[in-house]
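S.K.: Here the protein sequences come in this chain order: V and W.
Taking the working numbering, I'd label the letters of the first sequence as residues 31 to 350.
Taking the working numbering, I'd label the letters of the second sequence as residues 28 to 215.
Yeah, the Cβ is synthetic: ideal placement off N, Cα and C, and Gly gets one too.
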Amino acid sequence: MNSIPSRSLLSIEGMTKSDIEEILDLTDTFDEIGRRPIPKVPALRGRTVATVFFENSTRTRLSFETAARRLSADTMSFGAGSSSLSKGESIRDTVEVIEAYGADVLVVRHPAAGIAQRIDNWTDALVVNAGDGCHEHPTQALLDAYTLRKHKGSLNGLRIAIVGDIRHSRVARSDVLAFTMLGAEVVLVAPPTLLPPSLEGWPVTISYDLDEVLPTLDVCYLLRMQNERISEGLIPSVREYTADYGLNIKRAATLPKDALICHPGPTNRGIEIEAAVASDPRSVILDQVSNGVSIRMAVLFLLLGSGRNLGATSELEGGQ
Amino acid sequence: MVEKERVQTPPKGGVFVAHARVLDAEDIKRAIQRMAHEIVERNHGLDNVVLIGLQTGGVMVAEMLTEALSKISGTSPPQGTLDVALHRDDIGMRPVIPEAVTDISVDLDGATIVIADDVLFTGRTIRAALDALCDFGRPKEIQLAVMVDRGHRELPIRPDYVGKNLPTRISEIVDVSPEGVDLGTVEK
């Protein structure tokens with residue numbers, strides 16, 4: 031692995047297929063630890079992982095904190111709502127304070143694209159991007175790829191539809207890059223207003239018709255429909271979106287029997303996915319959640335424990 | 028003499044050059060046979076005995092012991108594999124990466140565990156293994172079987188079953204494979 035994570039993990043862009051495959055392979059090891067009677071190893075004792083979230087989150091934050099604790103790292107938690115940001119403290123000052131408390135890794139989420147990169151430039155700690163605006167959410171793409179690989183053996187040749195608000199989705203962006211790099215064929219399904227203004231250079235095909243696409247799929251990946259898109263005038267109404275793009279029981283019946291249904295969460299049951307479909311046997315939504323912990327253990331270990339960031343000074347020595 | 032790239036067992040990143048063959052394939056078979064008999068004798072049979080091979084070199088030793096034990100007693104004891112990388116005491120000091128997924132599906136509460144490894148050197152791998160195993164349950168007893176004890180212990184750890192006691196220089200490397208045990212060095 032050359033391009034990551036000898037430093038921070040900021041995006042899927044810039045990673046190679048073998049970087050991703052190495053992380054996925056390593057994740058099997060951490061997945062096994064999660065199934066042990068005592069799901070904890072001492073690998074990162076004495077290290078500190080800080081979650082620095084300028085935007086709300088349930089699963090990403092819990093998932094990183096669980097991963098850190100399973101590796102015996104200490105955790106520190108920063109939430110914008112309860113912080114001195116409201117007193118006017120800048121992001122940079124906030125980051126410097128957290129670093130001064132001894133954080134080795136900052137797991138960062140922020141509503142503005144590119145902030146993770148900026149924070150990485152400011153700090154000596156390592157940075158993991160846990161979602162920056164509409165840009166990227168690399169660990170989500172890794173856990174999605176891991177989930178698909180676990181169920182399907184490989185992503186090579188899979189036909190995957192990503193359905194919904196592609197335009198504002200960092201998950202879609204990271205997923206498209208990761209899935210296609212691993213050999214899958216990706217089709218984006220959305221009304222034209224919810225597609226990015228330019229898809230130049232995206233290795234994908236486009237469809238406006240979910241019904242036409244469903245029977246051809248190996249994976250149907252639904253994105254969350256955010257209510258603010260209506261006030262922005264991008265869709266006429268939630269009901270109309272659900273009628274055209276919601277995965278209901280009738281539509282799910284046209285999806286092949288061995289296909290998978292994914293969703294990054296949180297789900298809006300009754301909008302992009304009907305409640306009964308979320309508990310369909312083909313749904314792997316809860317698997318995604320548990321695999322998220324394993325992937326983040328692998329990422330944190332690669333950053334802090336593997337010795338990759340020690341530089342090229344030492345080959346493996348001793349050990350017998 | 029044998030030359031091979033070190034990819035599976037540490038130290039990696041070099042080519043192992045053998046200088047002397049210490050045991051050949053037949054010697055290994057005889058050593059395994061003797062150790063298997065010792066295991067049965069010491070434990071009065073194989074009740075509650077579980078073999079745990081340490082990734083990666085110890086897995087082969089565990090498999091050979093299991094085969095020999097099943098020929099002696101007619102039943103083969105449960106077997107598991109353990110990767111100790113995440114329990115090592117040198118994480119952060121040198122590159123450490125897990126090589127294989129641990130597979131222990133048998134209940135270790137009350138078991139007599141025989142840890143199998145290829146080479147016993149500083150004892151640090153065994154310390155890590157003891158630490159890791161105790162997360163899986165509370166075994167009645169843990170014993171240690173190694174193909175080669177090469178000395179230079181840095182911790183108060185000793186083997187219960189030894190294929191071959193082999194005095195070595197600290198700079199030398201011991202390579203164990205089904206074809207034989209070689210003493211040599213790693214050339215970068």
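#1: Considering only the beta carbon of each residue, do isoleucine 291 (chain V) and isoleucine 315 (chain V) sit closer than 9 Å?
#2: Name the chain W residues that come within less than 8 Å of isoleucine 303 (chain V), Cβ to Cβ?
#3: Relative to the C-alpha of threonine 152 (chain W), which candidate in W:Arg69, W:Glu214, W:Asp110 has its C-alpha closest?
#4: Counting Cβ pairs, one atom from each stretch, are 3 or more of them under 8 Å apart for the region 91–99 of chain W and the region 179–186 of chain W?
#5: Is it the case that the region 256–274 of chain V contacts the region 202–218 of chain V, given that we only count it when at least three CB pairs across the two stretches are under 8 Å?
#6: Residues of chain V with a CB under 7 Å from the CB of arginine 61 (chain W): which are they?
#7: Residue ranges of each beta strand (DSSP E) run of no fewer than 3 residues wholly in the region 106–162 of chain W, ordered along the chain?
#8: Residues in the same chain with beta-carbon distance under 8 Å from isoleucine 50 (chain V), minus the five sequence neighbours each way, listed in chain order, please.
#9: Within 10 angstroms of its Cβ, does tyrosine 131 (chain V) collect 16 or more other Cβ (buried), or is it exposed?
#10: Put histidine 71 (chain W) into one of helix, strand or coil per three-state DSSP.
#11: Determine the DSSP secondary structure at asparagine 278 (chain V), reduced to helix, strand or coil.
#12: Given this structure, state the Cα-to-Cα distance separating serine 87 (chain V) from aspartate 209 (chain W), to the nearest angstrom.
#13: Would you report the Cα separation of threonine 195 (chain W) and glutamate 168 (chain W), rounded to the nearest angstrom?
#14: Count the other CB atoms within 10 Å of the CB of aspartate 2 (chain W); is the residue buried (16 or more) or exposed (fewer)?
#15: Do you know offhand how far proline 168 (chain V)'s Cα is from glycine 144 (chain V)'s?
#16: Does the beta-carbon distance from leucine 277 (chain V) to isoleucine 303 (chain V) come in below 9 Å?
#17: Our contact map puts serine 324 (chain V) next to aspartate 61 (chain V) with C-beta atoms below 8 Å; I'd like the distance itself, whole angstroms only.
#18: Valine 42 (chain W): which of W:Val201, W:Pro104, W:Asp116, W:Gly101 sits nearest, CA to CA?
#19: At which residue ranges does the region 45–100 of chain V contain complete alpha helix (DSSP H) runs of 4 or more residues, listed in the order of the chain?
#20: Note the first and the last residue of the continuous beta strand (DSSP E) segment covering tyrosine 176 (chain V).
#21: Note the first and the last residue of the continuous beta strand (DSSP E) segment covering aspartate 104 (chain V).
#22: Along the alpha helix (DSSP H) that carries glutamate 94 (chain W), what are the first and last residues, could you check?
#23: What does glycine 211 (chain W) touch in chain V if you count any residue whose Cβ is under 7 Å from its own?
#24: At 7 Å on the CB atoms, spell out the chain W contacts of serine 336 (chain V), in chain order.
#25: For valine 329 (chain V), tell me which candidate among V:Val79, V:Val307, V:Val268, V:Phe83 has the shortest Cα-Cα distance.
#26: How many Å lie between arginine 185 (chain W) and lysine 98 (chain W) at the Cα?
#27: Give me the Cα-Cα distance between threonine 235 (chain V) and arginine 189 (chain V), rounded to the nearest whole angstrom.
#28: Short of 9 Å Cβ to Cβ, which residues in the region 71–99 of chain V face chain W?
#29: 9 Å is my cut-off, CB to CB: does glutamate 51 (chain V) come that close to chain W?
#30: Provide the residue span of the beta strand (DSSP E) that contains valine 203 (chain W), from first to last.
#31: Just to confirm before moving on: does the CB-CB distance between arginine 66 (chain V) and phenylalanine 163 (chain W) stay below 9 Å?
#32: Ignore the nearest five residues each way along the sequence and tell me which others in glycine 85 (chain W)'s own chain have a CB closer than 7 Å to its CB.
#33: Under 9 Å, Cβ to Cβ, is there at least one residue of chain W near serine 104 (chain V)?
#34: Determine the DSSP secondary structure at threonine 235 (chain V), reduced to helix, strand or coil.
#35: Could you give the distance in angstroms between the alpha-carbon of asparagine 75 (chain W) and the alpha-carbon of valine 319 (chain V)?
#36: Along the region 185–203 of chain V, what residues have a CB closer than 8 Å to any CB found in chain W?
M.R.: Put simply:
#1: yes
#2: Correct list: empty, because the minimum Cβ distance to chain W is about 33 Å.
#3: W:Asp110
#4: no
#5: no
#6: Near arginine 61 (chain W) there are no residues of chain V at all, since even the closest Cβ is about 22 Å away, more than 7 Å.
#7: 106–109, 139–147
#8: Ile42, Leu172, Ala175, Ala208, Met211, Leu212
#9: exposed
#10: coil
#11: coil
#12: 56 Å
#13: 30 Å
#14: Lying outside 28 to 215, the shown extent of chain W, residue 2 (chain W) is not represented and no answer is given.
#15: 13 Å
#16: yes
#17: 4 Å
#18: W:Val201
#19: 47–64, 89–100
#20: From DSSP, tyrosine 176 (chain V) is part of no beta strand (DSSP E) but of the alpha helix (DSSP H) over 168–182.
#21: 104–109
#22: 84–100
#23: Those do not exist, as glycine 211 (chain W) stays about 13 Å from chain V at its closest Cβ, beyond 7 Å.
#24: Pro122, Val123, Ile124
#25: V:Val79
#26: 27 Å
#27: 11 Å
#28: Val71, Pro72, Ala73, Leu74, Arg75, Gly76, Arg77
#29: no
#30: 200–204
#31: yes
#32: Ala143, Asp144, Asp145
#33: The amino acid occupying residue 104 (chain V) in the given sequence is aspartate; serine does not appear at that position. Chain W contact via Cβ: absent.
#34: strand
#35: 37 Å
#36: none
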